[in-house]
Amino acid sequence: MNCYAQNIVSLSGKVINNSGQPIELAHIRNTNLNTGIVSDKNGNYSISINSDQSTTIQISCVGYITRELIIDSETIKKGKLDIILQVLVTDIDEVSVIGESSPEANLVRIEAKNIGLLPDLSGGVESLIKTMPGVSSHSELSSQYSVRGGNFDENLVYVNDIEIYRPFLIRSGQQEGLSFLNSDMVSSIQFSAGGFESRFGDRMSSVLDIRYNKPTKFSGDLSMSLLGGSIHAEDVSNNGKFTYNLGFRYKTSQYLLNTLETKGDYNPEFYDFQTYFTYKINNHFDIDFLGNYSLNSYRFVPQNRETQFGTISNTLSLKIYYDGNEVDKFETYLGAFTANYHPSEQLSMRLILSAFNTSEEETYDIQGQYYLNELDRTIGSDTYGDSIMNIGIGTFLNHARNFLDAQVYSASLSGGYYLSNNKIRWGAKYNAEIIDDNVSQWKMLDSAGYSLPHTGSGIELYETAKAQNLLSSNRITAFIQNTYNTTLKNESELFLNIGLRAHYWDYNNDFFITPRLSLSYKPVWKRDMIFRLSSGMYYQSAFIKEMKNTSGLINPDIESQKSIHFVLGNDYIFNAWNRPFKFTTEIYYKYFTDLIPYKIDNVQITYMGENKAKGYAIGLDMKINGEFVKGIESWASLSIMQTKEDIDGDSYIDSNDETIYPGYYSRPTDQLVNFSLFFQDYLPRNPSYRMLLSLHYGSRLPFSSPDPDRYDQIFRMKPYRRVDIGFSKVIKSEEKTFRTGNPLNKLKSLWLSFEVFNLLDIDNTISYMWVKTVENQSGLAAQYAVPNYLTSRRFNLKLTAKF
């Protein structure tokens, strides 16, 4: 307890939740002196009070019940007070997902409990993120998502302030396997769809900030299903200095892949093991270690495929008979050591040393003999459904020997200083990147005995990419920012965050400084509202994928892609049916320059490798969440968005030999409408029976032909529509006990779930296979886009135990 004046003393402590986890951004206000401060990321606070009189402090945080405490003389003498805040929205011990906006940082805080109960194939944190406004995904097999017109490469993901990388050679959701994020180990989630702070890195779309749990007692989880299983355990030592958090996961998607139209022998196996250790040396110094090993193995021997497509009056059928196989392997390691030093309540510093390694192999030799026929759709015809005309026959041979080895070594130093109403943060980071990328793939196409493209003088490959790229470079980044909060005379609250970020890459001497700003205002109105405004410059320096063109060669003159964000938002918290609800609205506009155009096939993003475009994204995001059913939360998100780009100097010659300049055209992620719904319910007389429903709708996404020179040739695929539903029975809960000696009494909870994926059995399209036929007498070759469908209806049983 430090004296600042004759009767002014300091009261300090920690703000925590029911589980003992620290609460960041809690506002502590002295109502007598009309002063206030905000708790730091460890929940610590220090506020000045008058020791000569009774003092009332008010503690509030979005998502928690506001408290008012009268500070007595005994507490004043101690100078220390820890405060517990109760969660605003209660749950029924199954799923609690409370999305609240941080008033100072344009972040949505999501407290996730039992994310694995969501009826979703990925079953992880990303399945929850996909339901957020502004976020879209059109593949249930992949954990990838796009945000406000960006692609997955434009998203930042952090775990305990450590940037997470994903494998680079992934072409499809079948290969992808497990996400890095282990939902069993997570304690907190924060997400921003744009307009985020300077302390986060240099990407153009979003940031997902994850914290792994630092346990205060022993607990564990065990889960088994037809899609794999997981086990997790965490504990703390008797003296409270050492903690561990361990997780192992296994996944196989063979059961799902057998529903695809390409029949064959699928053998995917995915493993993941993670560790998080912490050790408290003394009250001012502690260390921790985050480790990960992941192995994704995908083996596939295709046999045949039959796909019907077209219109009712013109139905076509494609049959393919395969030879060959595919073998892929993605092996990654991550190790990160962190030292935390906090000499006082006001000052904290952090040193992080990390190493990431990925070794990736993509090898296949697959031959396919195809027959494209027109089917008889004349009702009443004796040949209804049979082939009435052959349109084309041919053979293709796909070959690949792609290998990539990459290492990223990082060292970062960051700090924070909390002074009255100001929170100053700074940091610097050094990255050493070593990449060995070997590309060797080609496609040979033969139609009716003619090799395509047909030159008449020789045999040419239809597609080819061959390159050996060795890249060794260094990056230096730094940031500084300040968050200022104050309570105005009318008791309204104002938050201002302003910062700068610098980036230097020695590969091409790319250097930039970008400012970022966010402003939040909470007026004292009868209606509980928060208004937010954020803007900033978000430059994205290239990595190996953006640097390569369609032939696999690196562009040494590549530059950073650049964007400017403008975001205006509002949160409205209200009661309906005597239950809490929240309605969030955000309007945004993003302007892009030096864009690198790209095409998307399944989840593979192929870049042009040149900064040749400008563009924009504009949209409206809305979300309502609350207790539609008493005691549990459900939510719905609606997004309306348009994003387009214009390639500098692009043109083509039309059939009249005229030069056409296409101008702006839809980007591959241009999706006008995206709607997500997550709904929970239970039997009122027996709440141990639960129902969880997840619904996704995404309007028609653009796709284009494989022509590498035409990005404006846009078609639209069918809308993405999917409903997943899960039913669960709570067999054992903490409140329910069995007879003495029953082994189930040793468990905290046990429940059995029955899930139906793709309840309506809708054929969703993920990409298209382009089939060419030989030139006709007019010299024209026909080209057909054959849809590649995603998984059909499947059932799953899952048993989950907590101990």
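The opening residue of the sequence shown carries number 57 in our numbering; numbering runs sequentially from there.
Glycine included, each C-beta is placed from N, C-alpha and C at the ideal position.
Assumed close pair residue i, residue j - CB separation to whole angstroms, cut-off 8 angstroms
| i | j | result |
| --- | --- | --- |
| N658 | G229 | 7 angstroms |
| G868 | Y268 | Shown here, the chain extends from 57 to 859; a query on residue 868 therefore has no answer. |
| Q727 | M773 | Actually they do not touch by this definition, with Cβ atoms about 11 angstroms apart. |
| S576 | F535 | About 20 angstroms; that fails the 8 angstroms criterion. |
| R850 | L312 | 6 angstroms |
| F871 | Y306 | Outside the displayed span of the chain (57 to 859) sits residue 871, for which this structure offers no information. |
| N162 | V623 | 7 angstroms |
Residue i, DSSP secondary structure in three states
| i | result |
| --- | --- |
| D584 | strand |
| D258 | coil |
| S848 | coil |
| N773 | In the sequence as presented, Asn is not what sits at residue 773; that position holds Met. Here M773 sits in coil by DSSP. |
| D149 | Only weak support is given to the placement of D149: the predicted model assigns it a pLDDT of 42, under 50, and the value that follows is read from those uncertain coordinates. Coil at D149, not helix or strand. |
| N73 | coil |
| M405 | strand |
| P799 | helix |
| Q310 | helix |
| I154 | Here the model assigns I154 a pLDDT of 44, short of 50, so the residue's position is not dependable and the matter cannot be decided. |
| D277 | strand |
| G761 | First, the residue type needs correcting, since residue 761 is Ser and not Gly in the sequence shown. Here S761 sits in coil by DSSP. |
| K858 | strand |
| F341 | strand |
| D291 | strand |
| F731 | strand |
| F208 | helix |
| S239 | helix |
| C117 | coil |
| Q833 | Because Q833 carries a pLDDT of 43, less than 50, the predicted location of this residue cannot be relied on, and the following value inherits that uncertainty. Reduced to three states, the DSSP call for Q833 is coil. |
| Q617 | strand |
| K691 | The residue asked about is misnamed: residue 691 is Trp in this sequence, not Lys. W691 falls in the strand class under three-state DSSP. |
| R766 | coil |
| N301 | strand |
Per DSSP, cross-strand counterpart(s) of residue i
| i | result |
| --- | --- |
| T315 | DSSP output for T315 lists no bridge partner at all. |
| Q839 | K828 |
| P175 | None, per the DSSP bridge assignment. |
| M747 | D737 and F783 |
| P358 | G320 |
| I674 | Y645 and Q698 |
| Y327 | Y306 and L351 |
| I25 | In the structure displayed, the chain extends from 57 to 859; residue 25 sits before or after that span and is not available. |
| F794 | The partner list for F794 (beta bridge, DSSP) is empty, contrary to what the question assumes. |
First through last residue of the beta strand (DSSP E) which encompasses residue i
| i | result |
| --- | --- |
| M603 | Counting along the chain, M603 falls outside any beta strand (DSSP E), though it belongs to the alpha helix (DSSP H) covering I600 to M603. |
| A82 | From DSSP, A82 is part of no beta strand (DSSP E); its letter is neither H nor E. |
| F466 | First, the amino acid is wrong: residue 466 is Ser here, not Phe. It spans S443 to L475 - the beta strand (DSSP E) in which S466 sits, taken as one unbroken run. |
| N211 | N211 to V215 |
| Q524 | E519 to T543 |
| H559 | E549 to W561 |
| I491 | N478 to S503 |
| E811 | S805 to F813 |
| I245 | V242 to S248 |
| P571 | D566 to K578 |
| Y201 | Unbroken run through Y201: none, as it is neither H nor E. |
| S707 | It is not in any beta strand (DSSP E) - S707 carries neither H nor E in the DSSP assignment. |
| Y101 | N100 to N106 |
Continuous alpha helix (DSSP H) stretch holding residue i: start and end
| i | result |
| --- | --- |
| I376 | Element bounds for I376: not the alpha helix (DSSP H) but the beta strand (DSSP E), T371 to Y397. |
| V659 | Per DSSP, V659 belongs to no alpha helix (DSSP H) and is neither H nor E. |
| K133 | S129 to K134 |
| L184 | V181 to I185 |
| E232 | G229 to E232 |
Short Cβ contact (8 angstroms threshold) for residue i with residue j
| i | j | result |
| --- | --- | --- |
| R481 | R255 | yes |
| L316 | T847 | yes |
| D627 | G190 | no |
| D176 | L234 | no |
| A669 | L651 | yes |
| R85 | Q109 | no |
| Y474 | D96 | yes |
| I656 | P718 | no |
| Y654 | S619 | no |
| S261 | V181 | no |
| G625 | R588 | yes |
C-beta neighbour in chain C for residue i, strict 8 angstroms
| i | result |
| --- | --- |
| Y378 | Of the chains in the structure shown, none is chain C; there is only one protein chain. |
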